[in-house]
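Visitor: The structure under discussion is supplied below as structure tokens; questions concerning it will follow.
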Amino acid sequence: MTAGDALTPIYRDTRDLTPFGPAQLRTAVRELADGVGGILQSVLGGRNQAFLSVDGNIPRLKMLSGKTVKAVHEAIFGARQPDRLIAMARAYPGWAGLCYIMAGLLAYKHGGYLRAAELLQRGLSTRNDDDANQYASVYLTRVVTRVEVAERVEVPVLFSEEAVFLALAHCLREMGQLEAALQTAAQLPPSLPSALARCSAAFALGRDKQVVIWTEGLLNSDDLSAALLLLRARSLRRLGARAKSEETLREVLRRRKTDMMLRNDALTDRAFLLLDNGRKSLNPRDWLRGRPAELETFEVIRKDVEERRLWEQEWEKLDGK
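First residue of the sequence shown? That's 19 in our numbering, and the numbers climb one at a time after it.
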């Protein structure tokens with residue numbers, strides 16, 4: 019059994035603190051608003067959108083920091099393109115793994131999924147010096163990456179193992195490497211974002227039974243869980259469990275603060291369920307199998323009508339004579 023074939027729910031996160039922010043559902047209106055907001059932020063002197071995003075101000079280095087630390091620090095927070103960080107990786111081999119990862123996150127922010135996947139994989143496979151690891155734990159904790167964990171669902175993630183692996187999983191999903199995306203997300207500890215990433219890949223691969231197992235017992239507590247429940251309902255529908263699918267959709271609609279986009283998706287899926295049930299009830303074979311008593315009554319009436327028609331024909335012949 020592989021890491022992606024767990025037989026228990028995968029969404030229960032028992033940690034007190036997590037690197038995840040509130041989920042954001044991407045729509046055309048929100049994308050336009052983000053674009054206008056980014057322009058205004060640049061005009062008003064805010065941090066340029068081409069740089070890595072930071073929650074708050076850029077951390078200042080300590081006075082006694084070495085030349086290498088200063089060069090890498092300036093590259094991480096001042097690079098507009100991954101090339102500068104790649105140059106740092108080549109210049110300082112002990113920091114190469116960290117520089118490749120940050121270059122990959124920058125490429126991911128710009129939408130270059132192929133290059134981001136290559137850089138992230140190279141960074142994960144390259145060992146860092148202790149100084150690089152210590153620097154990351156002190157100065158990179160406020161770097162934020164907005165990761166698309168499922169279609170139209172984004173989660174801001176602070177710099178961590180989750181940010182790197184979820185970004186890599188999304189890149190692989192965009193490249194059509196669904197199995198690799200599933201295995202990448204499966205390496206993370208249980209959480210709603212990682213569960214949504216895994217279930218999205220599994221659903222695309224047609225592994226509906228796994229999706230149902232992984233989401234067993236889930237309730238609609240926020241938009242991430244609602245998005246996960248939608249995947250569960252669709253998997254149940256494909257498995258033919260229409261009643262359970264309907265029950266799951268009701269859970270999505272139960273919470274009034276569920277995002278309108280998710281509620282609309284749930285209502286659309288419910289309409290598809292009703293359509294499926296209508297098609298089943300209108301199927302002549304199902305109707306014949308499901309109503310034997312009515313069929314017997316119908317057959318008796320049919321014979322009676324036929325005999326009455328023949329009797330009336332005979333009576334007309336006699337009356338004509």
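Every residue gets a Cβ at the ideal spot worked out from N, C-alpha and C, and that includes glycine.
Since we're looking at a predicted model, the values are computed, not measured.
1. In or out: E312 buried (at least 16 other Cβ within 10 Å) or exposed?
2. If you draw a straight line from the alpha carbon of S143 to that of I119, how long is it in whole angstroms?
3. One question on the structure: do L246 and A213 come within less than 9 Å of each other, judged by their Cβ atoms?
4. A168 by DSSP, collapsed to three states: which one?
5. So L242 and L210 are supposed to be a Cβ contact under 8 Å. How far apart are they, rounded?
6. Would you give the residue range spanned by the alpha helix (DSSP H) that I104 belongs to?
7. Assuming F69 contacts V173 (C-beta within less than 8 Å), just tell me the rounded distance between them.
8. How would you call A107, buried or exposed, if buried means at least 16 neighbouring beta carbons within 10 angstroms?
9. When the Cα atoms are used, what is the spatial distance from G55 to C117?
10. Starting from the C-beta of A222, find all residues in its chain whose C-beta is less than 8 Å away, skip the five residues before and the five after it, and write them out in chain order.
11. Could you say which of I231, E136, W113 lies nearest to N151 if we only look at CA atoms?
12. In this structure, how does DSSP classify F38 when only helix, strand and coil are distinguished?
13. Which partner residues does T163 have in the DSSP bridge list?
14. Suppose you measure from the CA of L79 to the CA of S155; what does that come to, to the nearest Å?
15. Please report the Cβ distance between A168 and A215, rounded to the nearest whole angstrom; I am assuming they are in contact, meaning their Cβ atoms lie under 8 Å.
16. R228: buried (16+ other C-beta within 10 angstroms of its C-beta) or exposed?
Guide: On the basis of the data shown:
1. Reliability of the predicted coordinates at E312 is poor, the pLDDT of 48 falling under 50, and the value obtained from them is presented with this limitation in mind. When all chains shown are included, E312 counts as exposed.
2. 10 Å
3. yes
4. strand
5. 4 Å
6. Note, I104: alpha helix (DSSP H), 100–109.
7. Not quite, the Cβ-Cβ distance comes to about 20 Å (not below 8 Å), so this is no contact.
8. buried
9. Legend: pLDDT at G55 = 49, less than 50; position of this residue unreliable, value from coordinates given subsequently. If you take the alpha carbons of G55 and C117, they lie about 29 Å apart.
10. Shown here for A222: same chain residues with a beta carbon closer than 8 Å to its own, the five before and five after excluded, namely R191, L196 in chain order.
11. W113
12. strand
13. V175
14. 13 Å
15. 7 Å
16. Looking at the sequence shown, residue 228 is not Arg but Gln. With a 10 Å radius around the Cβ and a threshold of 16 neighbouring Cβ atoms, Q228 comes out buried.
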